[in-house]
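Residue numbers (the numbering used here), protein chains in the order written: chain A, 59 to 290; chain U, 406 to 477.
Cβ coordinates follow ideal geometry from the N, Cα and C atoms, glycine included.
Quick caveat: nothing in here was measured; it's all calculated off a predicted structure.
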């Protein structure tokens, strides 16, 4: 058991992948390295997939891309309301990043969302989006007044939510990925062959994709909540 | 260390609440879909949101247990 605990602590630590030898050495942790790999993958994929776009007689790839973009736009429009346009590209990129980051352990890399700093950064960006949108579309006074809705009594709770929402977003993603990672490590420790492959489908693929949807959906919902009812 | 293990076990008991909550939510959601199949899209997204919220408590308990085991 002690040996297993040592192995688990070793697996949980955020390792330094390599050090850039300038300014006395800048350590690059493995989560940053894997993030770069994910970025490179999506950039190359986008460049390859968007070649030869045609208005008439589109290819198979273009039809797939168009339906994906249409799905994203429809989802954001449903959740956020009339001001959906600027939010769709951000939410789509976050979904692509988290989605690939959660399932990348299939390819033998450590998922960067296992690092709490990565999920904290994502949650902070979500917080900026939610409250930035609230002040951008309601004005300064209107945005302030939003905190006193639906009743002035609820103002302290609404103010507490500024801190609680990103904390919950961050910990939910981190805890899920870490939990799946630990359970997979335990299964690999007990039965090294065949059985992990079956559980991998649930813990790596299914759970990772569900958490992607939940993160993006909650961000969109909170952002929509801050700006929605003004238009009615 | 053994006390720490027991504390971690107690912290993970938050999973009970999340399990009951998600179970009730899913049960009522399937009820609602059976009554109004045309509203299934809205029901599904509400259910997903509720499950994510309920699951949050279990995740907090899990992280607490991890901190107790590895840091304590």
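Within its chain, find whatever has a CB closer than 7 Å to the CB of residue 282/A; leave out the 5 residues flanking it on each side and keep chain order. The residue given as residue 282/A occupies position 224 in the first chain. The beta carbon of residue 282/A sits closer than 7 Å to those of 137, 138, 139, all from its chain and outside the five residues before and after it, given in chain order.
Using the beta-carbon of each residue, which ones in chain U are nearer than 7 Å to residue 237/A? Position 179 of the first chain, counted from the start, is the residue given in the question as residue 237/A. One finds 467 in chain U with Cβ atoms closer than 7 Å to the Cβ of residue 237/A, taken in chain order.
Label residue 233/A either buried or exposed according to how many other C-beta atoms from any shown protein chain fall within 10 Å of its C-beta, with 16 as the threshold for buried. For the purposes of this step, residue 233/A is taken as residue 175 along the first chain, with counting starting at 1. Classification for residue 233/A: buried.
Short Cβ contact (7 Å threshold) for residue 461/U with residue 191/A: The residue labelled residue 461/U in the question sits at position 56 within the second chain. The residue labelled residue 191/A in the question sits at position 133 within the first chain. No, the Cβ-Cβ distance between residue 461/U and residue 191/A is not below 7 Å.
Does any CB atom of chain U fall closer than 7 Å to the CB of residue 272/A? As a working note, residue 272/A is residue 214 in the first chain. Interface annotation, residue 272/A: in contact with chain U, CB-CB separation under 7 Å.
Selected residue, minimal CA-CA separation from residue 129/A, among 150/A, 109/A, 111/A, 73/A: Your numbering for residue 129/A matches position 71 in the first chain. It is 150/A.
Which term fits residue 204/A, buried or exposed, when burial requires 16 or more other beta carbons within 10 angstroms of its beta carbon? Translated into positions along the first chain, residue 204/A becomes position 146. Buried, since its Cβ has 16 or more Cβ neighbours within 10 Å.
Thinking C-beta only, is residue 257/A closer than 7 Å to residue 172/A? Position 114 of the first chain, counted from the first residue, corresponds to residue 172/A. Position 199 of the first chain, counted from the first residue, corresponds to residue 257/A. The answer is no: Cβ separation not under 7 Å.
Would you please verify whether the beta carbon of residue 430/U is less than 7 Å from any beta carbon of chain A? In the second chain, residue 430/U corresponds to position 25, counting from 1. It does not: the Cβ of residue 430/U has no partner Cβ on chain A nearer than 7 Å.
Among 180/A, 77/A, 91/A, nearest to residue 85/A - alpha-carbon criterion: In the first chain, counting from the first residue as 1, residue 85/A sits at position 27. Residue 85/A has its Cα closest to that of 77/A, out of 180/A, 77/A, 91/A.
Considering only C-alpha positions, which residue in the set 80/A, 280/A, 90/A is nearest to residue 179/A? Counting from one through the first chain, the residue named residue 179/A turns up at place 121. Selection 80/A, 280/A, 90/A evaluated against residue 179/A yields 90/A as nearest (Cα-Cα).
Helix or strand or just coil, what does DSSP make of residue 127/A? Along the first chain, read from residue 1 onward, the residue named residue 127/A stands at position 69. Helix.
Spatial distance of residue 74/A from residue 451/U (CA atoms): Here residue 74/A refers to the residue found at position 16 when the first chain is read from its first residue. Here residue 451/U refers to the residue found at position 46 when the second chain is read from its first residue. So the two alpha carbons sit approximately 41 Å from each other.
Within chain U, the residues that residue 234/A reaches when beta carbons sit closer than 7 Å: On the first chain, position 176 is the one that residue 234/A refers to. From the beta-carbon of residue 234/A, the residues of chain U found nearer than 7 Å are 464.
Quick one: what's got a C-beta closer than 6 Å to residue 271/A's C-beta in the same chain, skipping five residues either side? Against the first chain, residue 271/A aligns to sequence position 213. Result list for residue 271/A: empty, nothing under 6 Å.
Could you tell me whether the Cβ of residue 424/U comes closer than 7 Å to any Cβ of chain A? In the second chain, counting from the first residue as 1, residue 424/U sits at position 19. No Cβ of chain A is located within less than 7 Å of the beta carbon of residue 424/U.
Completely contained alpha helix (DSSP H) runs for the segment 174 to 227 of chain A, where each covers 4 or more residues: As far as the segment 174 to 227 of chain A is concerned, its whole alpha helix (DSSP H) runs of at least 4 residues are 174 to 204.
Interface partners of residue 67/A on chain U, CB under 8 Å: Sequence index remark: in the first chain, residue 67/A carries index 9 (1-based). Here the neighbours are 475.
Return the bridge partner residues of residue 85/A from the DSSP annotation. For the purposes of this step, residue 85/A is identified with residue 27 of the first chain, where counting begins at 1. As computed with DSSP, residue 85/A is found in a beta bridge with 77/A.
Can you give me the Cβ contacts of residue 87/A inside the same chain, cut-off strictly under 6 Å, excluding the 5 residues immediately before and after it? Start at 1 with the first residue of the first chain, and residue 87/A comes out as number 29. 72, 74, listed in sequence order.
Can you look up residue 251/A in the DSSP assignment and give me helix, strand or coil? Translated into the one-based positions of the first chain, residue 251/A becomes position 193. The answer is coil: DSSP assigns residue 251/A none of H, G, I, E or B.
Residues in the segment 435 to 455 of chain U with C-beta within 8 Å of chain A's C-beta atoms, listed in sequence order? Residues passing the 8 Å Cβ filter: 450, 453, 454.
Are there 16 or more other CB atoms within 10 angstroms of the CB of residue 410/U, so buried, or fewer, so exposed? One-based indexing of the second chain puts residue 410/U at position 5. Its Cβ having fewer than 16 others within 10 Å, residue 410/U is exposed.
Residue 265/A and residue 164/A look like a contact to me (Cβ under 8 Å); what is the Cβ gap, rounded to whole Å? The sequence position of residue 265/A within the first chain is 207, counting from 1. The sequence position of residue 164/A within the first chain is 106, counting from 1. Cβ atoms of residue 265/A and residue 164/A stay farther apart than 8 Å, at about 12 Å.
In whole angstroms, give me the CA-to-CA distance for residue 279/A and residue 454/U. The residue labelled residue 279/A in the question sits at position 221 within the first chain. The residue labelled residue 454/U in the question sits at position 49 within the second chain. Rounded to the nearest angstrom, the two C-alpha atoms are 9 Å apart.
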